[in-house]
Amino acid sequence: MQAVLDPIEARVIGTMIEKRITVPDTYPLTINSLVNGCNQMNNRAPVTSLTEAEVSSAVERLRNRGFTSLYTGAATRVPKYSESFVERLGLQRSEAALLCELILRGAQMPGELRSRAERMHAFADLGEVETTLAAMAALTPPLVVQLPREAGARAARWQHMLFGGELPDADVPALPPSKADRESALAERVTALEAKVAELEELLTALRLQLGA
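If you count by my numbering, then the sequence shown holds residues 239 to 451, one letter each, in order.
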């Protein structure tokens with residue numbers, strides 16, 4: 239299976255699906271609204287800090303494949319965009335809700351999906367979630383895959399297959415790290431460098447003492 243979306247494109251599509259269903263009054267989305275939606279702190283894993291340029295580029299790549307469209311309403315002063323990904327795949331609302339959650343939050347168990355997708359579709363019970371996932375996994379090519387059950391886990395997790403391959407967790411390019419992650423990594427590097435400088439200063443002082451003696 240060829241990769242359908244890269245990680246940034248997936249975040250853009252997932253955000254568009256979510257906003258179309260949950261806040262239809264503010265949909266379609268401007269690039270600024272889409273950037274904010276992609277980088278919001280809640281209902282996202284990982285949290286990202288995508289730039290306007292990165293999101294705009296992803297939207298244009300998706301437009302070239304017919305997955306997004308430019309909205310040109312009479313009252314629109316700035317360009318707005320909508321997704322046609324769900325329609326192109328022929329997904330029902332229940333399927334779109336589950337796929338959206340898997341895109342935005344990664345692999346999850348059916349119980350987690352039912353709870354988190356409720357804002358987009360109210361599943362009658364856990365059985366309906368599992369039946370819907372099984373139907374999506376039976377497509378050719380499959381949209382989702384059930385991962386091996388982890389030791390001690392209540393149930394096996396499910397993962398979307400939009401990155402292609404047998405298991406999407408393998409060799410998938412990561413989303414750009416969030417600002418907090420970058421700052422944390424920088425702080426660790428600074429601390430390590432300071433420790434190294436202190437060690438070198440001690441060695442230099444000891445060497446000077448030896449030469450002086």
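Cβ atoms here follow ideal geometry from the backbone N, Cα and C, with glycine treated the same way.
Contact between the stretch 282–293 and the stretch 361–373 is absent: fewer than 3 CB-CB pairs across the two stretches fall below 8 Å. By the 16-neighbour rule on beta-carbons within 10 angstroms, E339 is buried. The straight-line gap separating the alpha-carbon atoms of T264 and W396 is approximately 30 Å. Around the beta carbon of T378, fewer than 16 other beta carbons sit within 10 angstroms, so the residue counts as exposed. Partner residues in the beta bridge of L267, as assigned by DSSP, are Y319. For L377, there is no enclosing alpha helix (DSSP H), as DSSP marks it with neither H nor E. Around the beta carbon of T253, 16 or more other beta carbons sit within 10 angstroms, so the residue counts as buried. DSSP links H398 through a beta bridge to V382. The alpha carbon of K318 has as its nearest neighbour, out of L267, S332, I259 and E290, the alpha carbon of L267.
Burial is judged here by how many other beta carbons sit within 10 angstroms of a residue's own beta carbon; R303 has fewer than 16 and is exposed. With 16 or more other Cβ atoms from the protein chains shown falling within 10 Å of its own Cβ, A335 counts as buried. The alpha carbon of P262 has as its nearest neighbour, out of A248, E321, N277 and R326, the alpha carbon of E321. Taking 8 Å as the cut-off, the Cβ atoms of G349 and A376 do not count as close.
Spanning the alpha carbons of K434 and R427 requires a straight line of approximately 11 Å. In the DSSP annotation of this structure, L308 is not part of any alpha helix (DSSP H); the continuous beta strand (DSSP E) holding it starts and ends at T306 to Y309. Our two residues, Q346 and S332, have alpha carbons roughly 16 Å apart in a direct line. Assigned with DSSP and collapsed to three states, Q330 falls in coil, not helix or strand. Sequence-distant partners of C276 (beyond 5 residues in either direction) whose C-beta falls short of 7 Å from its own C-beta, in its chain, are R249, V250, T253, T286, L288 and V293.
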